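Engineer:
In the numbering used here, the protein residues as written are -6 to 89.
Written out as structure tokens, the structure is:
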């Protein structure tokens, strides 16, 4: 498996870390990703929030339109991932 943390990824991380304006970040996202990719990625945050709140897969699927596969992937990351979702949810909940 190829190394994920490459120089190119580090460059992207450096750019993201320097951005502090939502409109500027959105402009970068629009240039980097398709509209579908932005929506799908954003949906995963909502799924993570609902999973953290104890919602069932069926309720989350109904509320968000996310597939069971996506919900399961997010759930796995919440349980065994690198902690990124927890950090993101803390930011969204005003806990940082």
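Ideal placement from N, C-alpha and C gives every residue a C-beta, glycine not left out. Source: prediction; values computed, not measured.
1) Do you know whose CA, among 41, 63, 59, lies nearest residue 83's CA?
2) Considering just the uninterrupted stretch of the alpha helix (DSSP H) at residue -2, what are its terminal residues?
3) Assuming residue 71 contacts residue 44 (C-beta within less than 8 Å), just tell me the rounded distance between them.
4) In terms of alpha-carbon separation, which member of -3, 38, 52 lies closest to residue 66?
5) Might you give, ordered along the chain, the residues of its own chain that have their beta carbon closer than 8 Å to the beta carbon of residue 64, omitting 5 neighbours on each side?
6) Please state whether DSSP places residue 12 in a helix, a strand or coil.
Structural biologist: Looking at the atomic coordinates:
1) Here residue 83 is taken as the residue at index 90 of the chain shown, counted from 1. The residue with the shortest Cα to Cα distance from residue 83 is 41.
2) One-based indexing of the chain shown puts residue -2 at position 5. In this chain, residue -2 is not harboured by any alpha helix (DSSP H), its DSSP state being neither H nor E.
3) If you number the chain shown from 1, residue 71 lands on position 78. If you number the chain shown from 1, residue 44 lands on position 51. With a Cβ gap of about 6 Å, residue 71 and residue 44 count as contacting.
4) Within the chain shown, numbered from 1, the residue matching residue 66 stands at position 73. The residue among -3, 38, 52 with its C-alpha nearest the C-alpha of residue 66 is 38.
5) Position 71 of the chain shown, counted from the start, is the residue given in the question as residue 64. Closer than 8 Å at the Cβ level, and outside the excluded window around residue 64, lie 40, 44, 50, 53, 54.
6) Along the chain shown, one-based indexing puts residue 12 at 19. For residue 12, the three-state secondary structure derived from DSSP is coil.
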